[in-house]
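So the protein sequences, as listed, match chains L and H.
Under our numbering, the residue at position 24 of the first sequence is numbered 24, and the numbers go up by one with no gaps.
Under our numbering, the residue at position 190 of the second sequence is numbered 190, and the numbers go up by one with no gaps.
By construction, the Cβ of each residue, glycine as well, lies at the ideal position given by its N, Cα and C atoms.
Here's the structure, in structure tokens; my notes come after.
Number of protein chains: 2
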Amino acid sequence: MSKPLPSWNDGATRQALLDFVSAVTTEGSAAYVRPEDRVAVFDNDGTLWAEQPMYVQALFAVDRVRELAPEHPEWRGQQPFKALIEGDEKALAALTEHDAAALVAATHAGMTTAEFSRTAKAWLAKAKHPRFQRPFTHCVYQPMLELLELLRANGFTPHIVSGGGIDFLRAFCEQTYGIPSAHVIGSSGKTKLEWRDGRPELVKLPSLTSLDDGEGKPINIHLHIGKRPVLAFGNSDGDLQMLQYAGAPDGPRMRLLLHHDDSAREYAYDRDAKAGRLDRALEVAGQDGWTVVSMRQDWKQVFP
Amino acid sequence: MSKPLPSWNDGATRQALLDFVSAVTTEGSAAYVRPEDRVAVFDNDGTLWAEQPMYVQALFAVDRVRELAPEHPEWRGQQPFKALIEGDEKALAALTEHDAAALVAATHAGMTTAEFSRTAKAWLAKAKHPRFQRPFTHCVYQPMLELLELLRANGFTPHIVSGGGIDFLRAFCEQTYGIPSAHVIGSSGKTKLEWRDGRPELVKLPSLTSLDDGEGKPINIHLHIGKRPVLAFGNSDGDLQMLQYAGAPDGPRMRLLLHHDDSAREYAYDRDAKAGRLDRALEVAGQDGWTVVSMRQDWKQVFP
């Protein structure tokens, strides 16, 4: 194998990753973990791909609302639809991942999961990042792709645990990250089984069943994976509980927090954009000795 | 590789399985399926292991109720606890998979998921099948273990999709079937995150979130796997929708129904034990050309 993690600068962070992988995979080492227990979890927005200036799924939701607006005259008098249709920048910027998931659920109710998947794929194929002017699936982080590859080569099973909608995530995660759809976890909406054209289809309903954020992340990790991860990688307060949940206090575990401190190549945002306070996760990272990854210092290259 | 499916008798059923696997894995064949889409789903009770004379999890629930009864004097006046504590055979026999899951949820509320897992594993290690007098994990079907192995060797990913409780299933499925916990789907109860002894733990709550039976199976297949299976194997009406959901009408797919017609080596039960009617799944199997597997005729050997 060629040199692992080539887009990571030599230094303490890269070395900590290599040391952890080596310890976990060395039989007889105190930190050895059996391959079936090498579960790794990754947040998506802001951890595997760019989440600024807005969550990608929020942009998708906005485009969908505008596209579907002619069929829904009632939206013109109804928030948040009204603001989005009118292009209210402030309302757009305030959309959270949850708002987007709820909006997607509402606007896509009645659609089959297959139709939704086609719609999301078609949007992703043509939509472009407003600053980088390339498809969002090319605004993924090259160093993270290399980390996923290193982990897989060492018997780890990486999972995505994102606040984004699970059906939206699955429209690109397999192809973009090489992570099978069964290992992609996200916020989810209710569905019901309905026969259409002589075939059972799952139809999306407007209500959410699970918000995969904060406490929802460990809950969904247990539901979908059934094991505590030994490696967890996030970038915001929504990932706090997931990182705290990872590993045993006396066992091998690695918790990583991506610090966006690179306005030149990507974005710099120490503070929670919505609440205006220092990310709690960054505080806990300092107290508990998590690995804080500096985009500016640790990454040779950001995008592929 | 030695001869595949050695515990299956030569005949149409075994041949159909081999032909399907061969067609799906032959590049260029009309039925070719890419490895990442070779999703297979299996019911557990009555498909991978014996479900007679009672669901294994129902036996576990009964034992747990009796064990916990001294701490719950109120149960003596409360159904279904009263009947179970008093050993009411009729009440026992009438317990469904759902009753068992609900009972397990109720009796185990307040316990962490790790404590539950230890309890279930300890019970499975000492409990014995009343007729076969061996642990339940040895009452799995040898021909099915061989089928799982054949599928894995051909790039399929087998998943369990069971009406049983997901935490109970995960106490044995990985070791018994070689199916990772992330690929085990079942009925699930709510949990909440709580700090205990300085560590975040998931605590079981008494309410169910999902009944993984009937229509619940395709819904959970979508939620947990995110793809339509190309092979589905079940044995009862609870599997009907899962089998109907598998594959595309014009694409490669195989639907199998295990017919328990072997009272000498296992059990014979054509009819739904509760409703006294011919299984609807068996009817649909005949109409739609599913493969009905006869335990008596197709299996050389039943248990390992």
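Minimum Cβ-Cβ distance from residue i to chain L less than 8 Å
{"i": "L48/H", "result": "no"}
{"i": "E174/H", "result": "yes"}
{"i": "R170/H", "result": "yes"}
{"i": "V184/H", "result": "yes"}
{"i": "P252/H", "result": "no"}
{"i": "T113/H", "result": "yes"}
{"i": "P304/H", "result": "no"}
{"i": "V104/H", "result": "no"}
Residue range of the alpha helix (DSSP H) that includes residue i
{"i": "K204/L", "result": "K204/L -> not in any alpha helix (DSSP H); beta strand (DSSP E) instead, spanning 199-210."}
{"i": "M242/H", "result": "240-245"}
{"i": "H224/L", "result": "216-224"}
{"i": "V62/H", "result": "56-68"}
{"i": "G234/H", "result": "Premise fails: G234/H lies in the beta strand (DSSP E), 231-234, not in any alpha helix (DSSP H)."}
{"i": "S181/H", "result": "Segment: none, S181/H is in no alpha helix (DSSP H) and carries neither H nor E."}
{"i": "S294/L", "result": "That residue, S294/L, is in no alpha helix (DSSP H); its beta strand (DSSP E) goes 291-294."}
{"i": "R280/L", "result": "280-288"}
{"i": "R14/H", "result": "12-25"}
{"i": "F81/L", "result": "81-85"}
Start and end residues, beta strand (DSSP E) containing residue i
{"i": "R196/L", "result": "184-196"}
{"i": "T157/L", "result": "157-165"}
{"i": "M144/H", "result": "From DSSP, M144/H is part of no beta strand (DSSP E) but of the alpha helix (DSSP H) over 142-153."}
{"i": "V33/H", "result": "Run containing V33/H: none; DSSP gives neither H nor E here."}
{"i": "M254/L", "result": "254-259"}
{"i": "S117/L", "result": "Element bounds for S117/L: not the beta strand (DSSP E) but the alpha helix (DSSP H), 113-126."}
Cβ of residue i within 8 Å of any chain H Cβ
{"i": "K358/L", "result": "Limits of chain L in this structure are 1 at one end and 304 at the other, which puts residue 358/L out of reach."}
{"i": "A275/L", "result": "Low confidence applies to A275/L: its pLDDT is 49, below 50, so where it sits in the model is not reliable enough to give any reading."}
{"i": "L256/L", "result": "no"}
{"i": "E36/L", "result": "yes"}
{"i": "Q287/L", "result": "no"}
{"i": "W290/L", "result": "no"}
Whether residue i touches residue j by CB criterion (8 Å)
{"i": "F306/H", "j": "V161/H", "result": "There is no way to answer for residue 306/H, as the model of chain H reaches only from 1 to 304."}
{"i": "T112/L", "j": "R170/L", "result": "no"}
{"i": "L258/H", "j": "G46/H", "result": "yes"}
{"i": "L243/H", "j": "G234/H", "result": "yes"}
{"i": "A146/L", "j": "S7/L", "result": "Residue identity differs from the one stated: residue 146/L is Glu in this sequence, not Ala. Yes, they are a contact pair."}
{"i": "G155/L", "j": "P229/L", "result": "no"}
{"i": "I221/H", "j": "S187/H", "result": "no"}
{"i": "P53/L", "j": "P130/L", "result": "yes"}
{"i": "W299/L", "j": "N9/L", "result": "yes"}
{"i": "K227/L", "j": "A105/L", "result": "no"}
{"i": "T107/H", "j": "L68/H", "result": "yes"}
{"i": "V292/H", "j": "Q142/H", "result": "no"}
{"i": "L5/L", "j": "L150/L", "result": "yes"}
Per-residue contacts from residue i into chain L (C-beta, under 7 Å)
{"i": "L193/H", "result": "E215, P218, I219, Q241"}
{"i": "Y245/H", "result": "P200"}
{"i": "T137/H", "result": "Within 7 Å Cβ-Cβ: nothing; T137/H doesn't reach chain L, min ~17 Å."}
Interface partners of residue i on chain H, CB under 7 Å
{"i": "P158/L", "result": "Within 7 Å Cβ-Cβ: nothing; P158/L doesn't reach chain H, min ~11 Å."}
{"i": "S181/L", "result": "I225, G226, K227"}
Contact set between residue i and chain L, taken where Cβ atoms lie within less than 9 Å
{"i": "H72/H", "result": "By Cβ distance, chain L contributes nothing, its closest Cβ being about 26 Å from H72/H, past 9 Å."}
Interface partners of residue i on chain H, CB under 8 Å
{"i": "S188/L", "result": "L223"}
Proximity test, residue i beta-carbon vs the ligand FMN heavy atom, cut-off 7 Å
{"i": "P53/L", "result": "Here there are no bound small molecules, and the ligand FMN is not part of this structure."}
Amino acids of chain H, ordered along the chain, whose beta-carbon sits closer than 9 Å to that of residue i
{"i": "P130/L", "result": "Chain H residues near P130/L: none, gap ~29 Å exceeds 9 Å."}
Proximal chain L residues relative to residue i, where beta-carbon distance stays under 8 Å
{"i": "P249/H", "result": "G198, R199"}
Check whether the region 24-39 of chain L touches the region 93-111 of chain L, taking contact to mean three or more Cβ pairs, one atom from each stretch, closer than 8 Å.
Not touching, per the Cβ criterion.
Are the region 143-163 of chain L and the region 204-217 of chain H touching, with three or more C-beta to C-beta distances below 8 Å?
Taking 8 Å as the limit for Cβ pairs, the verdict is that the region 204-217 of chain H does not touch the region 143-163 of chain L.
Give a yes or no on contact between the region 76-83 of chain H and the region 275-295 of chain H, applying the rule of three or more CB pairs nearer than 8 Å.
Judged by pairs of C-beta atoms under 8 Å, the region 76-83 of chain H does not touch the region 275-295 of chain H, as fewer than three such pairs exist.
Are at least three pairs of beta-carbons, each pair with one atom in the region 175-191 of chain L and one in the region 194-209 of chain H, less than 8 Å apart?
Segments in contact, no.
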